[in-house]
Amino acid sequence: MPNSHLDSDYFQPITGIINMKQNEGCQSTGGHFNPFGKDHGAPGDDNRHVGDLGNVQPDHQGVVNTDMIDNVASLIGENSVIGRAFVIHSGEDDLGLGGFPDSRTTGHAGPRLACCVIGRSEQ
């Protein structure tokens with residue numbers, strides 16, 4: 001929004017988009033959104049992180065087009081994912097059942113392949 005301390009001659013509609021990037025990329029995002037201190041699990045499990053949204057499957061061109069319905073993660077309230085990172089890992093998430101040391105924390109899904117921050121849009 002415009003600086004209200006300036007003379008009114010300067011006021012005009014101001015719009016824009018600021019894109020910021022952390023130097024460490026996806027490594028700088030935190031762990032899974034887990035406000036209730038639960039183990040890693042599948043989207044339908046009672047014992048799961050709020051941020052456990054399961055696996056996505058790319059098509060033969062590497063494009064993912066999917067719809068997700070989740071009964072815990074939300075766009076409002078205490079479980080809001082707005083402002084949190086969405087991370088795609090390089091491997092398949094074992095949904096906490098793989099028996100690996102990191103199965104119950106990250107699903108043994110491998111390195112972070114891509115990420116973004118979830119924001120609001122007027123559309």
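Number 100 in the UniProt record's numbering belongs to position 100 of the sequence shown; there are no gaps in the numbering.
Glycine included, every Cβ here is placed at the ideal spot set by N, Cα and C.
Contact check for F33 and V81: beta-carbon distance about 7 Å, within the 8 Å limit, so the pair qualifies.
Three or more pairs of CB atoms, one per stretch, sit closer than 8 Å, so the segment 53 to 66 contacts the segment 88 to 95. Positions of the beta strand (DSSP E) runs, each at least 3 residues long and wholly inside the segment 76 to 123, are given as 85 to 89, 112 to 117 in order along the chain. If you draw a straight line from the Cα of K38 to the Cα of G44, it is about 14 Å long. Burial state of T66 is exposed, judged by a 10 Å Cβ sphere holding fewer than 16 other Cβ atoms. Less than 7 Å separates the beta-carbon of G110 from that of G91. Relative to the Cα of V50, the nearest Cα in the group G99, G119, V72, F86 belongs to V72. For L75, the closest C-alpha among the options Q27, I118, G31, S8 is that of I118.
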